[in-house]
Each structure stands twice: as C-alpha cells, then as structure tokens.
Amino acid sequence: MKYKRFFPILALLSAFVVSGCGATQPSSSAEPSRDSSPSTSELSTSSSEEKTSSSSSSASTSSDRSSSSSSTSSQQSSSSSSSSSSSAPAKEYFKKDIEVQLDPGIKDAPEGETLTPYNLSFRFDDEYFLSDPKVYNKDLSMLSFGASIATSDKAGGNAFLNAAEFKDISAHDYDVTPTKDTMGYFMAHKTIDEYELVTVSFRGFNYAMEWANNFQIGKTGDHEGFAARGAEAYAAFKTYLNTYANGKSLKVWINGYSRAGALSNVLASLILRNNELPITQDNMFVYTFEAPASLDEANALPYQNVHNINNQADLITFIPPSQYNLYRCGEDYSIYDPNVSTIMKAFDPDVTIPEFQENDDLGEMVTTDFELRDFFLKSIFEREIEEGESTETYANTREQYVDNYQTGLSNAIGYLFSLKAETRAAMLADLQADLMIALGVIADDTGAAAADFIKTYLDRDEVVYDPESLQADCATLIVGVQNLFPMLLGSFIMGDATKGNLTRLLDMHYPETTYVLLKNAHEKPEPLIS
C-alpha cells in the first residue's frame, strides 16, 4: 500500500501509523557528525539482491560450512571454541546464506504491472554467537534485520529458521485474526558447541489490527500497549526455556523491526532487570531497527548488549516526543545518510526517494531532513495554549494524549487495519479521487461522515463493528486531523518541494530504506550522543 499516494489528506497520520506510534525520540536529539559519506558502490544490484517473481515470503539457502566470517567482530570466538590445540584442525561451524523476500513499499508499479519482492541474502554463521554480545557486530546486525523481515509472516519465519537449522520452532499468533491484544513472534533454538541458542523474533509488519496497540501509550510508566505484550512474551519465553533448554548453557538472540523493535526492548529489559533467568549482557544478543521507544526511564537502562539501529530522519522513531518520557534501553546508533536517494538508486534504479529541497513553504526555511522532522514534531506536540483555553484537543503531554485521543484513535486505527490490504488501498484511492468527499469527511468533527464512508469497506470485508462506537472513534480521529495535523488541510496548495520532502520523510521508515542504509553504514554505525 502506497501511503505517499494519499499524501494530500492523511499522509502524516499514515506515517504515525506506518510503523507504530508509541515511538519517541531517544534521550538526546543531538545529531551525529560524520566525516564523509560511505561509498555507494557496494550497493550495486547483485544476484543476492535481484527481484524474484515469487509473491510469497520464503527463504532459500546455499551451504558453506568451512568459509570464515567477513566481519572482524564475528571472528572473536575463543580459541577453546575453535580448536583444542595448535596442531588440531580448526572446527568447522555452520554457515549458510539465507535469502529472504521483502515486498517493496516505496516503489510505484507501472500501470498494469505488479511489484515483485526483493530477494535479499543474509549470512548466517554460528560463530557470530560465540563473540561478545556487547560488541556491535555488523554481520550479526544484518542477519538480525533479515530475521526481522522473514518473521513478518509465518511461511517466511519458518523458512528462515529451518534454513538456519533451528528446531522446535514456535510461531505465536500467526494463525489467528489479529486484534489489539495479539502479538506475532517466533521462538526456536539450536545447539552451538556447549550452548543452546534460543531466539525470539517479533513480527514488525503485516500485523493488521495489532497496529491499534501502538496507540495505547498510557499516562505513566512504560508504554502501556507494548508493556502488556512484552510481559506476555516474557512469560512465554520462560516456558519455552523450561521446555527446551532447561539446565543448559544459554545464548539468547532477540531482534525486531519497528513495533517489533519496541517489543524486543521490553523483553530484553524484563529479562535483564528481573534476574530470574541465567541470562546476562554476556550471553544475550539484541538488535533492533527503527524501534519506537517503549520504556520508562527507570527501565531503559544502558545495556551494552542491546543495539538499537535507527535512521535519524525517520519520524516514527520520534513519535511521541521526548516530553512523554519514553526511551529505548541499550545503546542507540544512527544509520542516517543525507545521500539516501543516491544509495537507494544503487540498490534499485526504479526506486524514487525524492532528494531534499530547501524551501520555506511551511512558514520558515527548512534546509535538512532533521529540520523538517523537528518542524512537524513541534507543530503536533508543542502547540501554544492561550491562557484560559481548554486543552481538550491537545497532545502536548501524555495525560492530554490519553484523555483526548488514546481510546478513539486506537479503535479507529484498529478498524482501518482490520480491512484487507486491497480493501484498504481501494478505500484510500476512492477518498483521494473525490475531493468533495475527502473535504466532507475531514470537516465533519462529529465523525458521522467518516463513519459512513468507512462502513462501506468494513461491510465489504465483513468486519464486525458497533455503529455508535464507530462514529465516536471516527470523531476522535477527525478531531486529531483537524488539530494535531492542521498543516495537512493546506497540503493542496503546498509547493512540489514540500510535497517531495514530506514523501521523503515517509519513505525514511520503509524497511528497504533501513536495509540499504544499514548495509552502507560503517562497521560500527555512529553512536548517538547521550
């Protein structure tokens, strides 16, 4: 589904939904400095990155049990794990290239054609898990991103884990209709030397109504929705360990993209701070990508084994804002590159992420991705309140957001993402095609026009709803658009430069953008200054 095609009305709200609201900026908004931009030559399209005509997620492999890892950090396993003596032959560890399909999200298909997924290759190497989890490993980071993509659906997750020779694979909530209370994830384990490696990989997209959970922030403490799901995953994790790895020396690998990155943070924090399990920073590897912040400051401890990799131009990782007091645990790294358009072109010549263009269409000069990001954050979450004015339409604080928007917005988004992808795309196309209907929906703050419009598509997909509740939820949604995103009402008269910049802002969160920036990053991405 192309959110950018629907930009004139609800693009920014779509960005709020695209990966999970509940995101927030890290403890510091200081931008990392870079001496130079990495070369893009390594990203030229190769056989491991070519598109495939298959339309379903899958993983295929080629074995190589004797080749060594290409990463310096991945070679840091102890000599006792590699050989018994200087004369003994080196032990051959399991290695395999695993191909994972990723559906394109920022590429428009020519008329009459369908988009084919990217076929991306990721290197699995048992030796990655014999290194120090507190040392960032780019190869393991890439592999973790591959796992995050693969487990977005059941077939892909099973194929990936089987290819890596994991066993006792458990897929949770992939065979049920998603609700606000479901959470897709895989658990599996395999033996490496004397260790039992247990992995947890959360579903980061393709989760329909689970999106609504992202908006359940709560007034205090950890992000309410993520914390509830994380607690469930923690209980299931303990049960899984007791069933398949009881009494064994453990290694743990947790990963996730977007919403799944937030859940990974919650699970990692619960494991490390509860001290109930024989798991420490020395035997748990955690890699997250574009993760919304989910933890109260007291629980967001700076664990060295938790590596959060973010594109600092990705608006999703900054919503809600810092004043909501939500953070990520572990260490944050930036893979932002101002040359992302060029880097993406090297990956796929048909992808168009607009180049940033300086302009003052928004009432002030905007010269960088960061300035545009901050402009929208300020306009949404730092609205000036006049003396004596009611705050019933504001979201400057967590309390205001929960009181004014949380229930209705969560429910409305839940309804929208209960629709099949093709139905949702048709609804957005129909709304975009008729300006008068679009304006009528946005202008009616009772929610009646929006509810009447949405009912057609809910009925088409046989989604059950209560008409009165639907209208009330739509009213909250429309009030949010009118008051939190007023600039969208003027989007029809914005210049091409601003529209292009906003499209670029949305494109920053797509997983293929994360992929190319991650692959192009230095061996260790720039740490964010705390």
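In our numbering, the protein residues as written are 507 to 1036. Glycine included, each C-beta is placed from N, C-alpha and C at the ideal position. This structure is a prediction, so every number in the text was calculated from the model and none was measured.
Identify whether residue 838 lies in helix, strand or coil by the three-state DSSP scheme. Counting from 1 along the sequence shown, the entry for residue 838 is found at position 332. In this structure, residue 838 counts as strand in the three-state DSSP scheme.
Using C-beta distances below 6 Å, list every residue in its chain close to residue 539, excluding the 5 sequence neighbours before and after it, in chain order. Counting from one through the sequence shown, the residue named residue 539 turns up at place 33. Below a pLDDT of 50, predicted positions are generally treated as unreliable, and residue 539, at 34, falls in that range; the measurement from the model is reported next regardless. Contacts found: none.
Please state whether the Cβ-Cβ distance between residue 882 and residue 651 is less than 7 Å. Here residue 882 refers to the residue found at position 376 of the sequence shown. Here residue 651 refers to the residue found at position 145 of the sequence shown. No, they are not a contact pair.
For the putative contact between residue 904 and residue 725, defined by C-beta atoms under 8 Å, what is the C-beta separation to the nearest angstrom? Sequence index remark: in the sequence shown, residue 904 carries index 398 (1-based). Sequence index remark: in the sequence shown, residue 725 carries index 219 (1-based). Right, their Cβ atoms sit about 5 Å apart.
Given residue 1021, which residues of its chain have a CB within under 6 Å of its CB, disregarding the five upstream and five downstream residues? As a position in the sequence shown, residue 1021 is number 515, starting the count at 1. Excluding positions up to five away in sequence, the list is empty.
From the DSSP output, which residues share a beta bridge with residue 607? Locating residue 607 in the sequence shown gives position 101, counting from the first residue. Bridge partners of residue 607: 625.
Range of the contiguous beta strand (DSSP E) that encloses residue 702: Here residue 702 refers to the residue found at position 196 when the sequence shown is read from its first residue. First-last of the beta strand (DSSP E) with residue 702: 701 to 708.
For residue 759, which residues does DSSP report across the bridge? If you number the sequence shown from 1, residue 759 lands on position 253. Per DSSP, 705 and 791.
Limits of the unbroken beta strand (DSSP E) element including residue 919: Taking the first residue of the sequence shown as 1, we reach residue 919 at position 413. Counting along the chain, residue 919 falls outside any beta strand (DSSP E), though it belongs to the alpha helix (DSSP H) covering 913 to 922.
Could you tell me whether the Cβ atoms of residue 810 and residue 640 are closer together than 7 Å? Here residue 810 corresponds to residue number 304 of the sequence shown, with the count starting at 1. Here residue 640 corresponds to residue number 134 of the sequence shown, with the count starting at 1. Closer than 7 Å, so yes.
Based on the DSSP secondary-structure assignment, which residues constitute the bridge partners of residue 833? On the sequence shown, position 327 is the one that residue 833 refers to. The partner list for residue 833 (beta bridge, DSSP) reads 801.
Which residue or residues does DSSP assign as beta-bridge partners of residue 815? The count along the sequence shown starts at 1 and reaches residue 815 at position 309. In DSSP, residue 815 forms a bridge with 795 and 839.
According to DSSP, which residues form a beta bridge with residue 1033? By one-based count along the sequence shown, residue 1033 stands at place 527. Paired residue(s): 839.
Measuring CA to CA, which of 1004, 710 and 1026 is closest to residue 865? The count along the sequence shown starts at 1 and reaches residue 865 at position 359. Among 1004, 710 and 1026, the Cα nearest to that of residue 865 is on 1004.
Which word fits residue 827, buried or exposed, when buried means at least 16 other C-beta atoms lie within 10 angstroms of its C-beta? Position 321 of the sequence shown, counted from the first residue, corresponds to residue 827. Residue 827 comes out buried.
At a cut-off of 6 Å, would you count residue 814 as near the ligand PLP, judging by its Cβ distance to the nearest heavy atom? The ligand PLP is not part of the structure shown, which contains no ligands of any sort.
Quick check on the DSSP output: the alpha helix (DSSP H) that includes residue 744 runs from which residue to which? Position 238 of the sequence shown holds residue 744. Segment 730 to 750, the alpha helix (DSSP H) holding residue 744.
For residue 698 and residue 632, which I take to be in contact (beta-carbon distance under 8 Å), what is that distance rounded to the nearest angstrom? For the purposes of this step, residue 698 is taken as the residue at position 192 of the sequence shown. For the purposes of this step, residue 632 is taken as the residue at position 126 of the sequence shown. Residue 698 to residue 632, Cβ: 5 Å. Contact.
Here's the rule: buried if 16 or more other CB atoms are within 10 angstroms of the residue's CB, otherwise exposed. What is residue 718? Taking the first residue of the sequence shown as position 1, residue 718 is located at position 212. So residue 718 counts as buried.
Which word fits residue 1018, buried or exposed, when buried means at least 16 other C-beta atoms lie within 10 angstroms of its C-beta? The count along the sequence shown starts at 1 and reaches residue 1018 at position 512. So residue 1018 ends up on the buried side.
What residue range does the beta strand (DSSP E) around residue 673 cover? Working through the sequence shown from its first residue, we reach residue 673 at position 167. Segment 673 to 678, the beta strand (DSSP E) holding residue 673.
Measuring alpha carbon to alpha carbon, tell me which of 845, 825, 747 and 685 ends up nearest residue 1027. For this step, residue 1027 is matched to residue 521 along the sequence shown. Taking only the C-alpha atoms, the option nearest residue 1027 is 845.
Ends of the alpha helix (DSSP H) at residue 777? For this step, residue 777 is matched to residue 271 along the sequence shown. It spans 765 to 780 - the alpha helix (DSSP H) in which residue 777 sits, taken as one unbroken run.
Quick check: residue 808 and residue 768, are their CB atoms within less than 7 Å of each other? Counted from its first residue, the sequence shown places residue 808 at position 302. Counted from its first residue, the sequence shown places residue 768 at position 262. In this structure, residue 768 does not lie closer than 7 Å to residue 808 by Cβ.
So the candidates are 763, 855 and 630; which of them puts its Cα closest to the Cα of residue 823? By 1-based counting over the sequence shown, the position of residue 823 is 317. If we check each option's Cα against that of residue 823, 763 comes out closest.
From residue 595 to residue 636, what distance separates their C-alpha atoms? For the purposes of this step, residue 595 is taken as residue 89 along the sequence shown, with counting starting at 1. For the purposes of this step, residue 636 is taken as residue 130 along the sequence shown, with counting starting at 1. The straight-line gap from Cα to Cα measures roughly 18 Å.
Does DSSP put residue 692 in a helix, a strand or coil? As a first step, residue 692 is located in the sequence shown; it is residue number 186 there, counting from the start. Strand, per DSSP.
Let me make sure I understand the geometry here. Which of 702, 1009, 706 and 925 has the alpha-carbon closest to that of residue 690? What you label residue 690 is simply residue 184 of the sequence shown in a count that begins at 1. That would be 706, whose Cα lies nearest to the Cα of residue 690.
Cα-Cα separation, residue 1031 to residue 838: If you number the sequence shown from 1, residue 1031 lands on position 525. If you number the sequence shown from 1, residue 838 lands on position 332. So the two alpha carbons sit approximately 9 Å from each other.
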